[in-house]
Amino acid sequence: MSAVAAAVRRTAVHSAEPAASSSDPLAHDFGVAETVIVDTCAVIDLLVDPGENGRAVAERLRGRDLAAPDVMFAEAANVLRTLRARRKLSDAEASMAYAELLELPIEPWPFETVEQRVWDLRGTLTAFDATFVALSELLTAPLVTTDKRLERAMRSVPAVKGPAVKGSAMNGRGLRAVDG
C-alpha cells in the first residue's frame with residue numbers, strides 16, 4: 001500500500017484526533033470525524049501520485065470519514081485500467097493501486113439515494129459528476145476533488161448550497177474542497 005493511502009486508511013475512520021477544520025463544534029469535543037465526499041480524481045491521486053498532489057489529498061482526507069457514490073469504485077478501476085493500457089502504470093502498479101482502492105475506508109452510497117438530484121443537475125454536470133455533487137448536498141459534506149473541470153462546473157450550479165470553493169487550492173495544484 002502506498003504511504004499516502006496507508007496514512008488515510010489508518011486515520012480516516014475512528015480517528016483519535018478530531019478533524020481540525022470541522023464545522024461542528026461537537027466534533028472536536030467528542031472526537032467525531034468530519035465526513036467528506038471524495039471524488040474519483042482525488043482517489044486516483046491518492047493511490048498513484050506519490051508526490052505533492054497525492055500527499056495533499058491524503059492530508060485533506062486524514063482524520064475524516066470518507067463517503068462516495070458507489071460508482072466511484074468502478075470509475076477508479078477504469079482509470080487504473082486506462083493508466084495501465086497507456087503504460088503510465090505497470091501491471092503490478094495498477095494491480096496494487098486497485099487492491100489499495102478496495103481497502104480504503106470509503107462508505108459507498110447507492111445511486112438511488114441521489115438519483116433525482118442527479119437528473120436535476122443534468123444541464124450543468126455529467127451524470128457521473130452530479131452523483132458526487134448530489135451526495136455532497138445530501139450529506140452536507142465538503143466534496144474533495146482534484147478535477148479542475150468539475151470545480152469549474154460547480155461554480156455554475158446555483159442550487160449547490162454554500163460557496164463554490166471552500167478555502168483555496170492546497171499546494172497550488174488544484175485540490176479543492178467544495179462545500180455541498
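Residue numbers (full-length UniProt numbering): 1 to 180. Note that CB positions come from ideal geometry on N, CA and C, so glycine has one too.
Segment limits, beta strand (DSSP E) that includes E107: Residue 107 sits at position 107 when you count from the first residue of the sequence shown. Looking at the DSSP string, the run of the beta strand (DSSP E) that includes E107 is 106-109.
With a floor of 3 residues, list each beta strand (DSSP E) that falls wholly inside the UniProt domain "PIN" (36-153), ordered by position along the chain. If one requires a minimum length of 3 residues, the beta strand (DSSP E) runs lying completely within the UniProt domain "PIN" (36-153) are 65-69, 106-109, 143-145, in chain order.
- Kindly indicate which residue of M154, D70, R84 has the alpha-carbon position closest to the one of R122. As a first step, residue 122 is located in the sequence shown; it is residue number 122 there, counting from the start. Across the set M154, D70, R84, the C-alpha of M154 shows the shortest separation from the C-alpha of R122.
query = Looking only at C-alpha atoms, which of R84, R64, E107 sits nearest to V71?
reply = Within the sequence shown, numbered from 1, the residue matching residue 71 stands at position 71. For V71, the closest C-alpha among the options R84, R64, E107 is that of E107.
query = With distances taken from CA atoms, which of S136, P142, L125, V36 is nearest R152?
reply = Residue mapping note: residue 152 aligns to position 152 of the sequence shown, counting from 1. Minimum Cα distance to R152 is reached at L125.
Assigned exposure category for S136 - 16 Cβ within 10 Å defines buried:
Your numbering for residue 136 matches position 136 in the sequence shown. S136 counts as buried, since no fewer than 16 other beta carbons sit within 10 angstroms of its beta carbon.
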